[in-house]
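Okay, structure first, notes after.
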């Protein structure tokens, strides 16, 4: 399994818009082959979000990263971000 976390920061005025953009795409992402989990969390500080994703395999995660959904989400979110997102990818052999 592939575990992915993404943390992104936004100005306080743009966080709600960013969350709306994520939520608009979330169901399509959850239906992708190999997606076991896709959840969005708002940072306690209020200026950021974190996304937690589980993918069955690297191939499934790579297919997501090259999908139209991923490209559109990045295109819409990039102008709202106040810093580069921090992404962590880990392989989980057993839980």
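Residue numbers (the numbering used here): 38 to 132.
Backbone N, C-alpha and C fix where the C-beta goes; we use that ideal spot for every residue, glycine too.
For clarity, every value in this text was computed on a predicted model and none was experimentally measured.
Taking all protein chains in view, the Cβ of residue 52 is crowded by 16 or more other Cβ atoms within 10 Å, so the residue is classified as buried. Between the region 114 to 129 and the region 41 to 55 there are three or more inter-stretch CB-CB distances shorter than 8 angstroms, so the stretches are counted as touching.
Cβ contact annotation for residue 120 (same chain, cutoff 7 angstroms, sequence separation greater than five): 46, in chain order. Take residue 84, set aside five residues on each side of it, and the residues of its chain with a beta-carbon closer than 8 angstroms to its own are 46, 47, 48, 49, 52 and 119, in chain order.
DSSP links residue 43 through a beta bridge to 88 and 124. Secondary structure at residue 63: helix, using DSSP grouped into helix, strand and coil.
With fewer than 16 other Cβ atoms inside 10 Å of its own Cβ, residue 129 counts as exposed.
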